[in-house]
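Numbering (the numbering used here), first residue to last: 10 to 254.
Heads up, the beta-carbon is just placed ideally off N, CA and C, and yes, glycines get one too.
The model shown is predicted, which means the values in this text are computed figures rather than measured ones.
To start, the structure itself, in structure tokens.
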Amino acid sequence: MIRAMIFDLDGTLVQTEKLKALSYARAAVELSSQGLLLEQVIEAFKEVVGRSRREVAITLMRKFGLTQAAGARMKEFGVSAPWQALVQVRLGIYQQMLADPAVLRANQWPHTVELLQKARQNGCQTALATMSYCPQVRRVLQVLHLTDAFDVVASRDDVEQGKPDPEIYQLVAEELELVPGQCLVIEDSPAGVQAALAAGMRCIAVATDFTRAALHRGRLLDEGWIVDDPAQLAETVQRLLHERS
């Protein structure tokens, strides 16, 4: 029996994945001397959605030849690796986006937020498991009035390994005092789905423009558990809960 719903944040409750993609793209264009286009970086970002900052930054640096340019700014940011410099450039851009509450509110996913609220009303435990870091998580939850919506919140700061490693979901199950089989995860990315399944949990994926192709191509879930139309999310969850009852 499912006793808890665990939600990802970026791309699942709020479309911050779109904002992250744009911030990485602007940072890469800023560092590039090759006439790099925003669209090129955003397309490359789709392949690493849901993964750690380190993985995303290194992938983009290698793909677009940004290592030297990023390395030249290490001293500016007081960091020890080129990928960290790229992340710092990107964070400056991203923080400006998050500073506007209207941007975050306009980009929340209403169907997923509604599912979260209904789960709470029905006495189901709820948790958040995100690869975002604590300051960004606090900001998003505060703006969307979701600060008190979770029994457990786990962020990238709380684990050694990022998704697709199952560590964050294992941690959440432990904090909820539940076995993995009692948890249903709502995700949007292949990395998140992998992490949830590796932790022994059931998972439903809400596809976005950034993750749809990879979710269907990866075949990590049966097609029935990939939601292409957010309006079908509640019905899909009910179908899974009925199956598990």
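Secondary structure of residue i, DSSP reduced to three states
i, result
"Cys-143", "helix"
"Arg-114", "helix"
"Asp-2", "This structure cannot settle anything about residue 2, because the visible part of the chain is limited to 10 through 254."
"Ala-90", "coil"
"Met-83", "helix"
"Met-14", "strand"
"Ala-158", "coil"
"Asp-19", "strand"
"Ala-207", "helix"
"Ala-53", "helix"
Extent of the continuous beta strand (DSSP E) to which residue i belongs
i, result
"Glu-196", "192–196"
"Thr-135", "134–138"
"Ile-213", "211–215"
Interface flag, residue i vs chain D, CB-CB below 8 Å
i, result
"Leu-229", "Reference to chain D is not applicable here, since this structure consists of a single protein chain."
Same chain, Cβ closer than 8 Å to residue i, neighbours up to 5 away in sequence not counted
i, result
"Cys-121", "The question names Cys, but residue 121 is Thr in the sequence shown. Excluding residues within five positions, the ones whose Cβ falls inside 8 Å are Phe-16, Thr-21, Leu-22, Ile-195, Val-215, Pro-239 and Leu-242."
"Leu-47", "Leu-31, Ala-34, Arg-35 and Val-38"
"Glu-64", "Val-57 and Gly-171"
Beta-carbon gap between residue i and residue j smaller than 8 Å
i, j, result
"Gly-201", "Gly-101", "no"
"His-225", "Ile-213", "no"
"Val-6", "Leu-113", "Any property of residue 6 remains undetermined from this structure, which presents the chain solely from 10 to 254."
"Ala-158", "Arg-129", "yes"
"Leu-28", "Tyr-103", "yes"
"Thr-220", "Asp-237", "no"
"Asp-174", "Ala-204", "yes"
Where the alpha helix (DSSP H) through residue i begins and ends
i, result
"Phe-73", "62–73"
"Thr-121", "119–130"
"Lys-29", "25–40"
Best match in the options for proximity to residue i [C-alpha to C-alpha]
i, options, result
"Gly-74", "Ala-205, Gln-130, Ala-222 and Trp-92", "Trp-92"
"Met-210", "Glu-183, Tyr-178 and Asp-218", "Tyr-178"
"Met-106", "Leu-155, Gln-130, Thr-25 and Glu-56", "Thr-25"
"Leu-180", "Val-50, Thr-139 and Phe-54", "Thr-139"
Sequence-distant residues of the same chain with beta carbon closer than 6 Å to residue i, five excluded per side
i, result
"Leu-153", "Gln-117"
Same chain, Cβ closer than 7 Å to residue i, five either side skipped, listed in chain order
i, result
"Gln-134", "Arg-12, Ala-13, Asp-160 and Leu-185"
Any non-hydrogen atom of the ligand GDP within 7 Å of residue i CB
i, result
"Leu-137", "This structure does not include the ligand GDP; it has no bound ligands of any sort."
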